[in-house]
Structures are given as structure tokens and as C-alpha cells.
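Q: The structure follows.
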Amino acid sequence: MMKRLRFAAVLTVLTAAGAADAAVTILGDGYARKCYEAAEFNRAGRAAFADCDSALKFDKLSSSERAATHVNRGILFMQGRDYANAIADYDTALGIDDDLAEAYVNKGIAVLHRGGSETLAVDLLSQGIALTPSRPEIALYARGVAHEKLGRVREAYDDYRQAAALKPDWAQPAHELTRFKVIEQ
């Protein structure tokens, strides 16, 4: 039970610190920009969803902007713990641009939150990492959580260590590392 509670706390940190930081930037003004800002600054609400929906319906978006808007709306769904709709938006984004690192990273985090599919989460997060996301420390940290849930302690440790090295001022990976004892062989 204690382990489950600790993972819930870690996943809460991922939602607060992770997903919003993996928003995809939209330049200019218009609904798509407002959708991006809502995702980036953790402002999920009716107005934010309306902006995202309006961007997809009315804004003249390039395919990359359309994919980014789906990722950003997915982040808003994830902030509201609506993982099914978040995953659907990430899948739509990947259908438009299958090289969009943030779509893989955020989908991996959503799958991890939903539970029961940690192997899929590791695969998605690894794909995102390979595509060089804007915030690789988030992907590494989330993959560490997934590895740990799968009992892959060494891989979890390595991911937490890399996340801490990339973002030394982010306390959560460093905190996770304090739970490990490294034994020289």
C-alpha cells in the first residue's frame, strides 16, 4: 500500500511538473496560441478547451501547428485527469506528425497515470527521448517511474540520475535517487 501511495505522489508530480512543461510552442496570436499558453501555464478550464477547439476548427493551421494544438489540448485533458481524451489527442497528433517527441512523451505519461501499461509507457517515453524532446528530463523521470513500477530498479536509477543531471534544480529526481543504495561490484 505504501509503495502504491508513493507512486501516486510521484505521478502527481509528473502531472504538475511534467506535462505542462512539455507543451508545444505555437507562435503568433489566435486560438492556437491561447491553447498553448493554457497548457504551458497549467490553466485548464472551459475557456482553454474552447480556445483549443476553436483553433482546430477555425484557425488556418499548418500540419505541425495542428499536431501541436492536439498535444496542447491533450495536456489540458491530462491536467483534468481525463487520460482517455488526452491519449486520443496524442494519437491524433502522432497521426499528423509521427516525429513529434512531445506527443510520445505526454502519451507515455498519460498511459503511466492510467496504470496497467507500464511497458507501453516505457516504449512511448523511449520513442520520445530518441526524438529529442524539449524537456528530456521529464521523459527520463517518467520512464524511471515506469521502470520502477516494472521492478527494473537499475533502469529506474539510471533514468532518475540522467534527469537529475539534466535539471539539477529540479528536486524530484534527486529525491528519488536518495532511496537507492549503490553497491560496487
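When the letters of the sequence shown are read in order and numbered with mature numbering (1 follows the signal peptide of the UniProt record, and there is no 0), they come out as residues -22 to -1, 1 to 163. We put the CB at the ideal spot given by N, CA and C, even for glycine. What you are looking at is a predicted structure, and each value in this text was computed from that prediction instead of being measured.
1. What is the rounded straight-line gap between the Cα of Q57 and the Cα of N20?
2. Taking A81 as the reference, give the member of R59, N50 and H91 with the closest Cα.
3. Whole angstroms are fine: how far does the CA of Y119 sit from the CA of L109?
4. Does the separation of the CB atoms of G86 and L102 fall below 8 Å?
5. At which residues does the alpha helix (DSSP H) containing V89 begin and terminate?
6. Which of helix, strand or coil does DSSP assign to E18?
7. Out of L155, D77, H153 and E162, state which residue places its alpha-carbon closest to the alpha-carbon of S41.
8. CB-CB under 7 Å to F158, same chain, minus the five flanking residues each way: which ones, in chain order?
9. Keeping to the same chain, check which residues put their C-beta closer than 6 Å to that of A66; ignore five residues upstream and five downstream.
10. By DSSP, does I107 sit in helix, in strand, or in coil?
11. Inspect the beta-carbon positions of A64 and A88 and report whether they are closer than 8 Å.
12. Quick test of your reading: E43 and A10, contact by CB under 8 Å. State the CB separation rounded to the nearest angstrom.
13. Please check the pair A26 and C13, which I expect to be a contact at CB under 8 Å, by giving their CB distance rounded to whole angstroms.
14. Which first and last residues belong to the alpha helix (DSSP H) in which P151 is found?
15. For residue 166, which of I74, T97 and V2 has the nearest alpha-carbon?
16. Looking at C-alpha atoms only, which residue of G122, T70, L128 and A143 is the closest neighbour of residue 167?
17. What distance in whole Å lies between the Cβ atoms of N84 and G52, which are believed to be in contact at a cut-off of 8 Å?
18. Which whole-angstrom value describes the C-beta separation of L144 and P114, a residue pair presumed to lie in contact below a C-beta threshold of 8 Å?
19. DSSP three-state call for D76: helix, strand or coil?
A: In this structure, then:
1. 7 Å
2. N50
3. 16 Å
4. yes
5. A79 to R92
6. helix
7. D77
8. Y135
9. none
10. helix
11. yes
12. 6 Å
13. 7 Å
14. A149 to L155
15. Residue coverage of the chain in this structure runs from -22 to 163, which leaves residue 166 outside it and unanswerable.
16. Residue 167 is absent from the structure shown; the chain starts at -22 and stops at 163.
17. 6 Å
18. 6 Å
19. coil
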